[in-house]
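Top line first, the protein sequences correspond to chains A and B.
Here the first sequence is numbered in my numbering, starting from 132 and rising by one per residue.
Here the second sequence is numbered in my numbering, starting from 132 and rising by one per residue.
One structure is given here, and the rest of the page talks about it.
There are 2 protein chains.
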Amino acid sequence: MSSRIHHAGLAQKVMSGADAAAMIHHGDNVGFSGFTGAGYPKDVPRALAGRIKAAHDRGEEFRIGVWTGASTAPELDGALAEVDGISTRVPYQSDPVTRAKINSGDIDYVDIHLSHLNQYVEHGFMGRLDFAVVEVTAITPGGRLVPSASVGCNRTYLDKADKIILEVNAWQPAEIEGVHDIWRNETIPNRHPVPILHPGDRIGTPYFEIDTSKVVAVVETDAPDRNSPFKPIDDTSRAIASHFIDFLKHEVKKGRLPKKLLPLQSGVGNIANAVLDGLHTSPWAGKGLGAYTEVLQDGMLDLIDDGTFSVASCTALSLSPEGVERFNRDVVDYLDKVVMRPQSISNHPEVVRRLGVISCNGLIEADLYGNVNSTHVIGSRIQNGIGGSADFTHHGYLTTFVTPSTAKGGALSCIVPMVSHVDHTEHDVMVMITEQGLADLRGLAPRKRAQQIIDHCAHPDFRPLLQDYFDRACAGAWGQQTPHLLGEAFSFHQRFMETGSMSSR
Amino acid sequence: MSSRIHHAGLAQKVMSGADAAAMIHHGDNVGFSGFTGAGYPKDVPRALAGRIKAAHDRGEEFRIGVWTGASTAPELDGALAEVDGISTRVPYQSDPVTRAKINSGDIDYVDIHLSHLNQYVEHGFMGRLDFAVVEVTAITPGGRLVPSASVGCNRTYLDKADKIILEVNAWQPAEIEGVHDIWRNETIPNRHPVPILHPGDRIGTPYFEIDTSKVVAVVETDAPDRNSPFKPIDDTSRAIASHFIDFLKHEVKKGRLPKKLLPLQSGVGNIANAVLDGLHTSPWAGKGLGAYTEVLQDGMLDLIDDGTFSVASCTALSLSPEGVERFNRDVVDYLDKVVMRPQSISNHPEVVRRLGVISCNGLIEADLYGNVNSTHVIGSRIQNGIGGSADFTHHGYLTTFVTPSTAKGGALSCIVPMVSHVDHTEHDVMVMITEQGLADLRGLAPRKRAQQIIDHCAHPDFRPLLQDYFDRACAGAWGQQTPHLLGEAFSFHQRFMETGSMSSR
Chain A
132 MSSRIHHAGL AQKVMSGADA AAMIHHGDNV GFSGFTGAGY PKDVPRALAG
182 RIKAAHDRGE EFRIGVWTGA STAPELDGAL AEVDGISTRV PYQSDPVTRA
232 KINSGDIDYV DIHLSHLNQY VEHGFMGRLD FAVVEVTAIT PGGRLVPSAS
282 VGCNRTYLDK ADKIILEVNA WQPAEIEGVH DIWRNETIPN RHPVPILHPG
332 DRIGTPYFEI DTSKVVAVVE TDAPDRNSPF KPIDDTSRAI ASHFIDFLKH
382 EVKKGRLPKK LLPLQSGVGN IANAVLDGLH TSPWAGKGLG AYTEVLQDGM
432 LDLIDDGTFS VASCTALSLS PEGVERFNRD VVDYLDKVVM RPQSISNHPE
482 VVRRLGVISC NGLIEADLYG NVNSTHVIGS RIQNGIGGSA DFTHHGYLTT
532 FVTPSTAKGG ALSCIVPMVS HVDHTEHDVM VMITEQGLAD LRGLAPRKRA
582 QQIIDHCAHP DFRPLLQDYF DRACAGAWGQ QTPHLLGEAF SFHQRFMETG
632 SMSSR
Chain B
132 MSSRIHHAGL AQKVMSGADA AAMIHHGDNV GFSGFTGAGY PKDVPRALAG
182 RIKAAHDRGE EFRIGVWTGA STAPELDGAL AEVDGISTRV PYQSDPVTRA
232 KINSGDIDYV DIHLSHLNQY VEHGFMGRLD FAVVEVTAIT PGGRLVPSAS
282 VGCNRTYLDK ADKIILEVNA WQPAEIEGVH DIWRNETIPN RHPVPILHPG
332 DRIGTPYFEI DTSKVVAVVE TDAPDRNSPF KPIDDTSRAI ASHFIDFLKH
382 EVKKGRLPKK LLPLQSGVGN IANAVLDGLH TSPWAGKGLG AYTEVLQDGM
432 LDLIDDGTFS VASCTALSLS PEGVERFNRD VVDYLDKVVM RPQSISNHPE
482 VVRRLGVISC NGLIEADLYG NVNSTHVIGS RIQNGIGGSA DFTHHGYLTT
532 FVTPSTAKGG ALSCIVPMVS HVDHTEHDVM VMITEQGLAD LRGLAPRKRA
582 QQIIDHCAHP DFRPLLQDYF DRACAGAWGQ QTPHLLGEAF SFHQRFMETG
632 SMSSR
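Structure (structure tokens):
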């Protein structure tokens, strides 16, 4: 018996990834673990991809529905997309091969709020779930599962799937046991309040409790997660972070934020990391802050270590290779400072609203009136997905978006007359920040928002074009609430498609 | 002392509406009561409008910020807009004069979620609140206020305003005392769960508790609310209602809804009323349903009276003249079946999500991919506002939108290639219903949603045009996740502006 599999019955189910994958068939829906490249199964998906390729080579159909927590890794999304093995992808992805197949129309992609996923699956809105394929760190003598480096939607998949395949990954530190907090509400219509009053509150147990009779295979692995390195912080990110932190100080001064702030949520990526770095290198004048967020990032480890943060709640690790080494080495020290929850709880509207989260997310483009596109390039082509951004933006106390003012070497303006896809409406976006400055949109009517965004957020190269559009829209639009010239609302995008640049020069 | 003013100190503050209005000055922000034409002050706003007109006639500036619960009536919105007395209007309106002045650019309109308003005001995001002008039904000997026919944002306005003007309206039935449930959470960061587990749960007291020393005037009135008659139910509304109810039955059969359903929310208007009428005239096969909704409508009285509904939670009445007569006459019988709450609670994301509300709202236009425009005509011109529609749509268990497939005698298609304004994103909209049929969008990728909407929701006159756009977008778009041709995404709208019809004939 492996040192990680302490349940006698389940130990007898140990087999190879290939044997386990052989149970999965064309048309099945499979709920895989995995969130931001942490805690996804390493072996079964690759074996399954091989099996799918062989079937295709024989001229047989073989495609499955791939449901996860969020993004995964080349070994899962990449391998299955590469062999055209995915019919439907739910609820988020960031994989280059998967993305290409979605944008060529070969994969159906259902891009839904991460906090909604649990309800969709639990109540059968997505159809039947045939398999859960879930990485865990260990199996206890009683058959309980110690989760891995992400929780994601695993509890729901384990509950709802007809059959369960477990991967027990010896690479994950055994000492992670205790960091997770798994809670299950009553089912509707008997749901109770989620009893979280502070980011660090523990309300459940550190284990998945499952029906062990559903387990058809246990596969042993010893393989690292995909952990992407951060780029060094550049001047643009540093400028954005500085505007963000100055704004927090301003809000404290105005009495609209306590000195200890409110729990922070921070999207994935380099700008978010620059913000966290800013709070660490110019220490915040107060200790005991907290994070109620989706993923644990490198910058948060620094802030926990220096005492700025007392706790961080999340659903997954999203660390650099150095960050994960540090976390895994010192995991025992982090057990009382990190809580890893199901994504339905880490992103729960109820808790986000109650705690008054300060949200900070990136975007693809924003428009003059504060609408935000987080998902689509030029309106049609998916980038990643909405993820949890709306879970925090619709419910936060103070909702901010951060972005460089331009992209692609200055060819794209991230501020456009009208966004080509809307993921966050004007009603939800309070503050817009670029390296140029910050626009506080709270309480402003649309025309006033537009002037703030042009003056403070747009890049000087695009400011005259935006001002020209706005002025002409104010003169010629069908109404003055949200002046638009529908015939040229996408002129920036069309110019980009025609010339490779949104600029008119 | 009036029979409605039982507090000695406040009885001494009784004065005319004109004397009370004389205390309000240019630049003040005023929080008025009023929600869907119920419970707004009848006298002070008109007197104030007279005072503003006189000031303008003398060449003096005089404009105020007008904050309410939601829409009001000609005596408030109309009177103040008519004399150009409104600088900023928050958070919702449906008044023709106000709407015209917003669309001409004379009034700044901040259109925000009704569930967010309380937080915006409480934490000073909107600036200082100078006055609360609130209609009540009575004042108790201890100085507590019996609310009127709406609660709206009154508690917050009474708490936050520097000064309070009360209107005591003898037209409202004194027996309404007890129907309201006023609850106050701790302030952030000490907020607790909202302890509502069932739509009828009472968690507070039936009174506003105020600092009586802030009351500067009490005005006695005896005047009816604005109560708009419903149009007789037409065939289109009946067809939409029938699709909606058939769908509920289908979901019960599939085991995705309990036989007693889940709490219903229903937008204002004739289609919503047709749905309620449908549940009454072909009785639902089960009793004890409930409503967790924004406003109490005529159809709900029928459903309460026939036992289909055991309870309805709301923040305001929105009844016809006959409906209000019936409610006021039998109010004692409704006291244990109707709960009227602050709009921050009637629309609270936490409760809507926990209870699993089935939402049903109208719209201006929807697009192929399920994005919904609830607010703007041809992208720029405001109609009413988002109101509470997103409070229920973002958090509901089952979220539906209902609309005739065409408007303006067939000149406008309510299904367009791309909506000209987005209030509800593709991520939140589950079911689309027109008189043509129903599209269940749950779990569908965007291209599949589009075909469902064309086939089941679009009017036959516009179906070929929509199919043509969709087919060419699938052939020529920049990506296949959400195929759009940005150069002609608004061609329907442009044709309407040029020819008066979206049709190409």
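For glycine and all other residues, C-beta sits at the position ideal for the given N, C-alpha and C.
Source: prediction; values computed, not measured.
Chain-ordered chain A contacts of B/Ala608 [CB-CB under 7 Å]: Residues of chain A passing the Cβ test: Ser511.
Length at least 3, wholly inside the segment 547-590 of chain B: the beta strand (DSSP E) runs in chain order: Counting only runs of 3 or more, we get 562-565 and 568-571.
Interface positions of the segment 228-241 of chain A facing chain B (Cβ-Cβ less than 7 Å), listed along the chain: Answer set for the segment 228-241 of chain A: Ile233, Asn234, Ser235, Gly236, Asp239, Tyr240 and Val241.
As assigned by DSSP and simplified to three states, the class of A/Cys491: Correct three-state label for A/Cys491: strand.
Runs of alpha helix (DSSP H) wholly within the segment 364-449 of chain A (minimum 4 residues, chain order): Note on the segment 364-449 of chain A: whole alpha helix (DSSP H) runs with a minimum of 4 residues are 366-384, 401-412 and 429-436, in chain order.
Identified DSSP bridge partners for B/Thr530: B/Thr530 is bridged to B/Ser490.
C-beta neighbour in chain A for B/His624, strict 7 Å: By this cut-off, B/His624 is an interface position.
For A/Phe458 and A/Leu466, believed in contact at Cβ under 8 Å, the rounded distance: Here A/Leu466 is actually not in contact with A/Phe458; their C-beta atoms are around 11 Å apart, not less than 8 Å.
N-terminal and C-terminal residue of the beta strand (DSSP E) that B/Thr167 is part of: Careful: B/Thr167 lies outside any beta strand (DSSP E) and carries neither H nor E.
Nearest neighbour of A/Ser505, chosen from A/Thr534, A/Phe262 and A/His247 [CA to CA]: Relative to the Cα of A/Ser505, the nearest Cα in the group A/Thr534, A/Phe262 and A/His247 belongs to A/Thr534.
Cβ neighbours of B/Glu308 in the same chain (closer than 8 Å, five flanking residues each side left out): Around B/Glu308: Thr268, Ala269, Val277 and Pro337.
Environment of B/Gln143 [buried if 16+ CB atoms lie within 10 Å]: When all chains shown are included, B/Gln143 counts as exposed.
The segment 481-505 of chain A: positions lying closer than 8 Å to chain B by Cβ: If the cut-off is 8 Å between Cβ atoms, the segment 481-505 of chain A has Glu481, Arg484, Arg485, Leu486, Gly487 and Asn502 near chain B.
The segment 323-343 of chain B touching the segment 373-384 of chain B, judged by at least three CB pairs closer than 8 Å: No, they do not touch.
Closer than 7 Å to chain A by CB, B/His558: Interface residue, yes.
When B/Thr446, B/Pro227, B/Val560 and B/Phe262 are compared against B/Ala497, the one with the closest alpha-carbon: Per the Cα distances, B/Val560.
A/Lys468 vs A/Val442 beta-carbon contact at 7 Å: Their beta carbons are under 7 Å apart, which means A/Lys468 touches A/Val442 by this criterion.
Min CB distance B/Asp215 to chain A below 7 Å: Residue contact with chain A for B/Asp215: absent (no Cβ-Cβ distance below 7 Å to any residue of chain A).
Any C-beta of chain B under 7 Å from that of A/Met132: Note on A/Met132: pLDDT 46, under 50, position unreliable in the model; the coordinate value appears next. Chain B contact via Cβ: absent.
Among B/Asp464, B/Met563, B/Gly510 and B/Thr287, nearest to B/Ile546 - alpha-carbon criterion: For B/Ile546, the nearest C-alpha among the options comes from B/Met563.
Segments of 3+ residues assigned as beta strand (DSSP E) that fall wholly inside the segment 233-314 of chain A: Listed in chain order, they are 262-270, 276-278 and 294-300.
CB contact below 7 Å: B/Arg135 versus chain A: By this cut-off, B/Arg135 is not an interface position.
Min CB distance B/His590 to chain A below 7 Å: B/His590 has a beta carbon lying at 7 Å or more from every beta carbon in chain A.
Span separating the alpha-carbon of A/Leu179 from that of A/Arg275: Straight across, the Cα-Cα distance linking A/Leu179 with A/Arg275 is about 26 Å.
Best match in A/Ala570, A/Ile517, A/Leu543 and A/Met628 for proximity to A/Asp554 [C-alpha to C-alpha]: Measuring from the Cα of A/Asp554, the nearest candidate turns out to be A/Ile517.
Closer than 7 Å to chain A by CB, B/Ala443: Chain A contact via Cβ: absent.
Beta bridge counterpart(s) of A/Asp498 as assigned by DSSP: For A/Asp498, the pairing in a beta bridge is given by DSSP as A/Val547.
Contact between the segment 301-319 of chain A and the segment 216-226 of chain A (3+ Cβ pairs under 8 Å): Segments in contact, no.
Check whether A/Gly370 and A/Glu557 have beta carbons under 7 Å apart: Before going further, note that residue 370 of chain A is Ala rather than Gly in the sequence given. Using a Cβ distance threshold of 7 Å, A/Ala370 and A/Glu557 do not count as a contacting pair.
Three-state class that DSSP yields for A/Asn358 in the structure shown: In this structure, A/Asn358 counts as coil in the three-state DSSP scheme.
Chain B contacts from the segment 538-562 of chain A (Cβ-Cβ distance under 7 Å): Taking 7 Å as the cut-off between beta carbons, the residues of the segment 538-562 of chain A near chain B are Ser551, His552, Val553, Asp554, Thr556 and His558, in sequence order.
Continuous alpha helix (DSSP H) stretch holding B/Gly181: start and end: Element bounds for B/Gly181: Val175 to Asp188.
Interface residues of chain B facing A/Lys579 [CB-CB closer than 8 Å]: Residues of chain B passing the Cβ test: Asp239.
Paired residues, beta bridge with B/Gly196 - DSSP: Under the DSSP definition of a beta bridge, B/Gly196 partners with B/Asn160 and B/Thr219.
Enclosing beta strand (DSSP E) for A/Thr352 [first to last residue]: Note, A/Thr352: beta strand (DSSP E), Val346 to Thr352.
CB of B/Ala152 within 7 Å of CB of B/Val350, strictly: The Cβ-Cβ distance between B/Ala152 and B/Val350 does not fall below 7 Å.
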